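Enquirer: Here it is, the structure in full.
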Amino acid sequence: MKKSMSLFHCRTVLGKDGVPFTQYKIRTMHPGSEFRREEVLEKNGLDGLGKPCHDPRITSLGRVIRRWGIDELPQIYNVIKGDMSLIGIRPHTEHEWSRFSENRRSQALKYRPGLFPAPLADGVPNTFEDLIVAEQTYLTAKGAHPFKTDVTYLTRFAYQCIWNGLRSR
120 MKKSMSLFHC RTVLGKDGVP FTQYKIRTMH PGSEFRREEV LEKNGLDGLG
170 KPCHDPRITS LGRVIRRWGI DELPQIYNVI KGDMSLIGIR PHTEHEWSRF
220 SENRRSQALK YRPGLFPAPL ADGVPNTFED LIVAEQTYLT AKGAHPFKTD
270 VTYLTRFAYQ CIWNGLRSR
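Here this note's numbering is used: position 34 in the sequence shown is 153, and no number is missing along the way.
Written out as structure tokens, the structure is:
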């Protein structure tokens, strides 16, 4: 029996005020990879973006698609629907949010998650702890000046991509 593979990977994540929504991405991993996440994390740990290091679940074509951010394109639909904003904290599943403190979770879920990750506005964090600090800095600034913060971070993110060659791993 042949396995069918969908072009899209859909997962339920928490949006503004903790309301769940379906996040759409182009599939870059082998089918069933979501069930091996804990195993891969345990073996390889996390990189500076909070992703598993040297993830064997990603296909060869998937690496290219991720490198150029093509896998993120379906999330434009999430932005148009109003589930996500252009800039913000990456969306997480309820299980992923359970790893954070309740204070951190409630502060982040006041806002819609972003298509472009705010912490990358200053380049790729070296460690997961650096990522958390960068997210906290963004959330604090957004709490004080929401519109100005998003414009500033979006501009800095674009600068990183265009002039410093920032790409996903």
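Even glycine gets a Cβ: it sits at the ideal position worked out from N, Cα and C.
Please read all numbers here as calculations on a predicted model, not as lab measurements.
Work out the CA separation of Arg155 and Glu161 for me, nearest whole Å.
Expert: Within the sequence shown, residue 161 is the residue found at index 42, counting from 1. Within the sequence shown, residue 155 is the residue found at index 36, counting from 1. So the alpha carbons of these two residues sit roughly 10 Å apart.
Enquirer: On the CB-based measure, 16 or more other CB atoms within 10 Å of its CB, does Tyr196 come out buried or exposed?
Expert: Indexing the sequence shown from 1 puts residue 196 at position 77. Result: exposed.
Enquirer: Does the stretch 173-184 come within contact of the stretch 142-150, defined as at least 3 CB pairs closer than 8 Å?
Expert: yes
Enquirer: Output the boundary residues of the alpha helix (DSSP H) element that contains Val270.
Expert: Position 151 of the sequence shown holds residue 270. Residues Pro265 to Trp282.
Enquirer: Does DSSP put Ser225 in a helix, in a strand, or in coil?
Expert: Here residue 225 refers to the residue found at position 106 when the sequence shown is read from its first residue. In this structure, Ser225 counts as helix in the three-state DSSP scheme.
Enquirer: Opposite Ala240 in the DSSP bridges: which residues?
Expert: On the sequence shown, residue 240 is found 121 positions in, with the first residue counted as 1. DSSP output for Ala240 lists Gly242 as bridge partner(s).
Enquirer: Inspect the CB distances between the stretch 207-219 and the stretch 185-193 and report whether three or more fall short of 8 Å.
Expert: Judged by Cβ distances under 8 Å, the stretch 207-219 makes no contact with the stretch 185-193, as fewer than three pairs qualify.
Enquirer: Count the other CB atoms within 10 Å of the CB of Asp136; is the residue buried (16 or more) or exposed (fewer)?
Expert: Translated into positions along the sequence shown, residue 136 becomes position 17. Exposed.
Enquirer: Under the three-state reduction of DSSP, which class applies to Val138: helix, strand or coil?
Expert: Mapped onto the sequence shown, residue 138 falls at position 19. Val138: coil per DSSP, three-state reduction.
Enquirer: Can you give the Cα-Cα distance for Lys229 and Val252, rounded to whole angstroms?
Expert: By one-based count along the sequence shown, residue 229 stands at place 110. By one-based count along the sequence shown, residue 252 stands at place 133. Rounded to whole angstroms, Lys229 to Val252 spans 18 Å at the Cα level.
Enquirer: At which residues does the alpha helix (DSSP H) containing Leu180 begin and terminate?
Expert: Numbered from its first residue, the sequence shown carries residue 180 at position 61. That run of the alpha helix (DSSP H) goes Ser179 to Arg186.
Enquirer: From which residue to which residue does the alpha helix (DSSP H) around His214 run?
Expert: Locating residue 214 in the sequence shown gives position 95, where the first residue counts as 1. Segment Glu213 to Trp216, the alpha helix (DSSP H) holding His214.
Enquirer: Going by C-alpha distance, which of Ser220, Val270, His173 and Ser225 is nearest Phe235?
Expert: One-based indexing of the sequence shown puts residue 235 at position 116. That would be Val270, whose Cα lies nearest to the Cα of Phe235.
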